[in-house]
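The numbers in this note's numbering rise by one with no breaks, and the one at position 214 of the sequence shown is 208. This report refers to the structure that appears directly beneath it.
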Amino acid sequence: MKVKKIAALALAGVMAVSTLLAGCGGEGSSQTKESGKKTSDAGEKSSGERKKITALLRCSETSTKYIILKKLLTDFSEEKGLEAPEFELVSSDADYVTKLQLYINSNALPDIYGCANGALSKAAKDINAIVNIGDELERIGMKEDMNGAVYDFFKDAEDENVYLFPESLNCEFFLYRKDIFEKYDLEVPKTWDDFLNVCQTLKEKEEIPLIVAGKENWQLMRYLSFAPWRMTKDQFIMDYIGQKETFSENTAAKEGVDLLYTLGTEGYFQGGFLSTDYTAATDLFFGGTGCMWYSGSGQISQASEMYSKGELGFFPVPDVEGQENMETNIPIHGGFGTAFNAQTYDDTMKEFFQYMCENYSDSCYNDAKVFSPFNDEIPEGLDQMFYDLQPLFETATDAWVSWDDKLDSATLTNLVDEQQKLAQGKETPEDFEAAADQFIINNSK
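Given below as structure tokens:
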């Protein structure tokens, strides 16, 4: 197996970095750089006899996507008598965007490549270098086998087709310390009002209510966007971008702003939260600091021992009190999508796609220890959390909506600056709303 790694590229990609962070929460924000030489024959056209399958992935050798595709591509290649698959890995978000954009600009994409659902997938579509995954799933009779919310996550904003294959099914939820909740006779919150009441009680008892990785832009933005997601799914954020809605006049948006402001200014986050990155926040919570932590299925292995001992519980995103909330309350996304190059999508690649789909669940559970995007039965022998979490999302049809892959880079950067001021109490919710509304007006000029 050949694994070619590339050096960090100097060209900046602020816009694209925000796209890459869509729903990622952890691995996607890694800035590790891996060195090596350029893949010389990536994007091999299908006109000649195929010798191997090439792939460009935004990940490292320990990442879920690589673990799964390495297994499937290697086994398939051996079965078909092909050379070992060739991987080009880039773990830095900015460097990966730069590399992918160069391949798109030169129309030299490899057979398989990681891609976010947004500007980059549109650019690939514009040069006819991306396969309609929805059509392919229908061709092999497996479209209905995929989790509805995961499929929904990758729907194209322009035509509602699906061009990206999910890395896995990722779900997000709150973890909480059952012993502390029991100590103070606290109930799991069902609404955000309940949540804030729990936080207030914990603070009064001199506990740290909530751990947050405030240094990671997406973590604070989750709290800003929870209420709009539960109340409108993607309607508010898309109408905001289209200048049809404003923060200052939209009820759902104001709920999100008030929530982040209250959590920050009432001292419900840990001290120094704005300088805490995701790794440090994770270490804090699992090391015994804090009572609640917004986590996800990517941390099952870290939570497993405490969960099996009955020390941890979980709960979904609370409802907004007095408002109509959509049924889905577990954020579900498919990770960083996988695209297939339409220009090299020959019979061999079609065979691989079917092989991949038919064996994907097995590799997810047995090799990568993650949820499969397909509704296959979970095998025996996994951590108990896999079985206990599944009922929360197995019939879900609405996906999580990440603001950071919808907003243009300038607006995203500005909102991030303002959300930090809001959480610190350096500006009021009204100040934040006025500033946020102005960003869209200014960027449209």
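C-beta atoms are modelled at their ideal positions from N, C-alpha and C, and glycine is treated no differently.
Subject >> Closest residue to Trp212 among Phe426, Gln414 and Lys238 (Cα-Cα distance) >> reply: Looking at the Cα atoms, Gln414 is the closest of the given residues.
**OP:** Just the C-alpha distance for Glu388 and Asn369, rounded to the nearest angstrom, thanks.
**Re:** One C-alpha to the other measures close to 7 Å.
Original post:
To the nearest angstrom, how far is it from the Cα of Gly75 to the Cα of Val125?
Top reply: If you take the alpha carbons of Gly75 and Val125, they lie about 24 Å apart.
**OP:** Keeping to the same chain, check which residues put their C-beta closer than 8 Å to that of Glu21; ignore five residues upstream and five downstream.
**Re:** A caution first: Glu21 carries a pLDDT of 39, below 50, which makes its placement in the model too unreliable to give a value.
**OP:** Just the C-alpha distance for Ser24 and Asp87, rounded to the nearest angstrom, thanks.
**Re:** Low per-residue confidence applies at Ser24: pLDDT is 35, beneath 50, and the placement is therefore not dependable, though the value from the model is reported in the following sentence. Rounded to whole angstroms, Ser24 to Asp87 spans 7 Å at the Cα level.
Original post:
When you compare only the Cα positions, how much space is there between Cys109 and Phe330?
Top reply: For Cys109 and Phe330, the distance between alpha carbons rounds to 7 Å.
**OP:** Name the two residues that bound the continuous beta strand (DSSP E) containing Gly331.
**Re:** Element bounds for Gly331: Gly331 to Phe334.
Subject >> Coarse secondary structure for Ser447, derived from DSSP in three states >> reply: Outside the displayed span of the chain (-5 to 439) sits residue 447, for which this structure offers no information.
**OP:** Say whether chain D places a C-beta atom closer than 8 Å to the C-beta of Met232.
**Re:** This model lacks chain D altogether, as it is built from one protein chain only.
Original post:
In its own chain, which residues sit with a C-beta less than 6 Å from the C-beta of Pro325, not counting the 5 before and 5 after it?
Top reply: Closer than 6 Å at the Cβ level, and outside the excluded window around Pro325, lie Glu166 and Trp394.
Original post:
If we ignore side chains and look at the alpha-carbon of each, how far apart do Thr26 and Tyr90 end up?
Top reply: Bear in mind that the predicted position of Thr26 carries a pLDDT of just 32, short of 50, making it unreliable; the figure below should be weighed with that in mind. A straight line joining the alpha-carbon of Thr26 with that of Tyr90 spans about 11 Å.
**OP:** Please report the residue range of the alpha helix (DSSP H) in which Tyr301 lies.
**Re:** Residues Ile294 to Ser302.
Original post:
With a cut-off of 8 Å, do at least 3 Cβ pairs link the segment 278 to 297 to the segment 240 to 254?
Top reply: They do not touch, by the three-pair rule.
**OP:** Consult DSSP for Arg171 and reduce its assignment to one of helix, strand or coil.
**Re:** Correct three-state label for Arg171: strand.
Original post:
DSSP three-state call for Asp341: helix, strand or coil?
Top reply: Correct three-state label for Asp341: helix.
Original post:
Using the beta-carbon count (16 or more within 10 Å), is Ala36 buried or exposed?
Top reply: With a pLDDT of 39 at Ala36, under the threshold of 50, the predicted position of this residue should be treated as unreliable, though the coordinate-derived value follows. Ala36 should be labelled buried.
Subject >> Cβ-based burial, Leu96 [other Cβ within 10 Å; buried from 16] >> reply: That one is exposed.
Subject >> Boundaries of the alpha helix (DSSP H) in which Thr48 is found, first to last residue >> reply: Run containing Thr48: none in the alpha helix (DSSP H); it sits in the beta strand (DSSP E), Thr48 to Leu51.
Original post:
Which term fits Thr13, buried or exposed, when burial requires 16 or more other beta carbons within 10 angstroms of its beta carbon?
Top reply: Annotation note: pLDDT 39 at Thr13 (below 50); position unreliable, no value reported.
**OP:** Could you check which residue in Lys64, Tyr107, Asn141 and Glu55 has the C-alpha nearest to that of Phe365?
**Re:** Scanning Lys64, Tyr107, Asn141 and Glu55 for the CA closest to the CA of Phe365 turns up Asn141.
Subject >> Rounded C-alpha distance that separates Tyr262 from Pro203 >> reply: Between the C-alpha atoms of Tyr262 and Pro203 there is a straight-line separation of about 5 Å.
**OP:** Identify the continuous beta strand (DSSP E) that holds Met286 and give its terminal residues.
**Re:** For Met286, the enclosing beta strand (DSSP E) covers residues Met286 to Gly290.
Subject >> Assigned exposure category for Thr391 - 16 Cβ within 10 Å defines buried >> reply: By the neighbour-count rule (16 or more Cβ atoms within 10 Å), Thr391 is not buried but exposed.
**OP:** Express the C-alpha separation of Ile121 and Glu374 in angstroms, rounding to a whole number.
**Re:** Taking the straight line joining both Cα atoms gives about 44 Å.
Subject >> DSSP beta-bridge partners of Asp313 >> reply: Thr185, per the DSSP bridge assignment.
Original post:
According to the neighbour-count rule (16 or more other Cβ atoms, all chains shown, within 10 Å of its Cβ), is Ala151 buried or exposed?
Top reply: Taking a 10 Å sphere around the C-beta of Ala151, we find fewer than 16 other C-beta atoms and assign the residue as exposed.
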